[in-house]
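See below for the structure under consideration.
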Amino acid sequence: MARRKRSSKSVKVAEEAYPYACCAVCGIALRPVLDVAHLDQDSANDAPDNLAFLCKTHHWMVDCGLYPIDAVKLLRDNWQRWNDAGKPIDHSLRMKDAGEKAGKTRRRRAAARKAVATRKANQEEEEAQGRGGD
Ligand SMILES: [Zn+2]
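Each residue of the sequence shown is one higher than the one before, starting from 1 at the first, in UniProt numbering.
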């Protein structure tokens, strides 16, 4: 029972300090999968700077020491940036051109592979002709 009270207080503090609730590491913004992590692993320390929303996987990884706490804080704060109009930055727009960019990259790579194959075929043909001429 006491544990529940403590965790609900940390949730309230985190929700006030970090209104854009998403995993600080991967950015998943599904509230049911998010924990409020105590970065110093002291569950009594509900100072906003000690709290971060993390998904279950990243909560576990942070608790295991696989991510430096300073990096988690930097990432956490990055998700809370606001635009000039005083609204939270819409992070969904960050990926809006990703599909188009990936398509361009695929087409460039296919063209490069074709060019390499053509060049190689031409070289082999020249070498064959060169040998034939000797
Ligand atoms: Zn995550």
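The beta carbon of each residue, even a glycine, is placed where N, CA and C say it ideally should be.
Inset, instruction - Can you check the stretch 66 to 102 for any alpha helix (DSSP H) of at least 4 residues that lies completely inside it and give the ranges in chain order? - result: 69 to 78
Inset, instruction - Using 7 Å as the cut-off, classify the Cβ of Trp69 as near or not near the heavy atoms of ligand 1, replying yes or no. - result: The identity of residue 69 in the sequence shown is Ile, whereas the question assumes Trp. For ligand 1, not one heavy atom lies less than 7 Å from the Cβ of Ile69.
Inset, instruction - Could you check if Trp79 is buried or exposed, using at least 16 other CB atoms within 10 Å of its CB as the buried criterion? - result: buried
Legend entry - Of the residues Ala29, Lys12 and Leu34, the one placed nearest Cys47, counting alpha carbons only: According to the sequence displayed, residue 47 carries Ala and not Cys. Of Ala29, Lys12 and Leu34, the residue nearest in Cα terms is Lys12.
Legend entry - CB contact flag (Val33, Lys56, <8 Å): yes
Inset, instruction - Would you kindly report the start and end of the unbroken alpha helix (DSSP H) that includes Asp63? - result: Lys56 to Asp63
Legend entry - Outcome for Val116 when other beta-carbon atoms lying within 10 angstroms are tallied against a minimum of 16: exposed
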